[in-house]
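Below is one structure, written out as structure tokens; the observations come after it.
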Amino acid sequence: MATHKGECFCGAVQIEVSGDPETCGYCHCGSCRSWSAAPINAFTLWKPDSVSVTSGAEFVATFEKTPSSQRKYCVKCGGHLMTAHPSLGLIDVYAATIPTVQFKPQVHVNYSETVLPLRDGLPKFHDYPTDFGGSGKMIEE
220 MATHKGECFC GAVQIEVSGD PETCGYCHCG SCRSWSAAPI NAFTLWKPDS VSVTSGAEFV
280 ATFEKTPSSQ RKYCVKCGGH LMTAHPSLGL IDVYAATIPT VQFKPQVHVN YSETVLPLRD
340 GLPKFHDYPT DFGGSGKMIE E
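Going by our numbering, the sequence shown opens with residue 220, and the numbers climb by one from there.
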């Protein structure tokens, strides 16, 4: 089983993921864009038992804007680490946080909120696929 290591911006918090992500993709929602300070958030979704903080857990804080997203960051540098999604039973470890994971995007979510339209042939959901609690409604490229 593959193991990948990552860290926050200053390196005080070390994380590890094992195995393969459940899926990878892009989120276009306003919350992710604001949190990541980018037009798109690249996500990798993992089962909780595949993600661990291996060092610096005392520096991890949580910001919970909504019950569906518990955003984790380092209190020393503000570096973003991951977002727990309890309703999905998954954790989004930001793709840039774990650079050795081969990022193979499969989907765009919340594409109705995009500020940077992309023509990449991937499925583009208005919100989320139905198995993630969304409408399943698709948006054309």
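Ideal Cβ positions, reconstructed from N, Cα and C, are used throughout, including at glycine.
| Item | Value |
| --- | --- |
| Burial state of ARG338, where buried means 16 or more other Cβ atoms lie within 10 Å | exposed |
| Neighbour-count burial assignment, PRO281, 16 or more Cβ in a 10 Å radius | The residue you asked about is not Pro; residue 281 is Thr in the sequence shown. Classification for THR281: exposed. |
| C-beta contact flag for VAL232 and LEU309 at 8 Å | no |
| Three CB pairs or more closer than 8 Å across the segment 232-242 and the segment 258-272 | yes |
| Local Cβ density within 10 Å of SER288, reported as buried at 16 or more and exposed below that | buried |
| Backbone CA spacing between LYS343 and GLU360 [nearest angstrom] | 8 Å |
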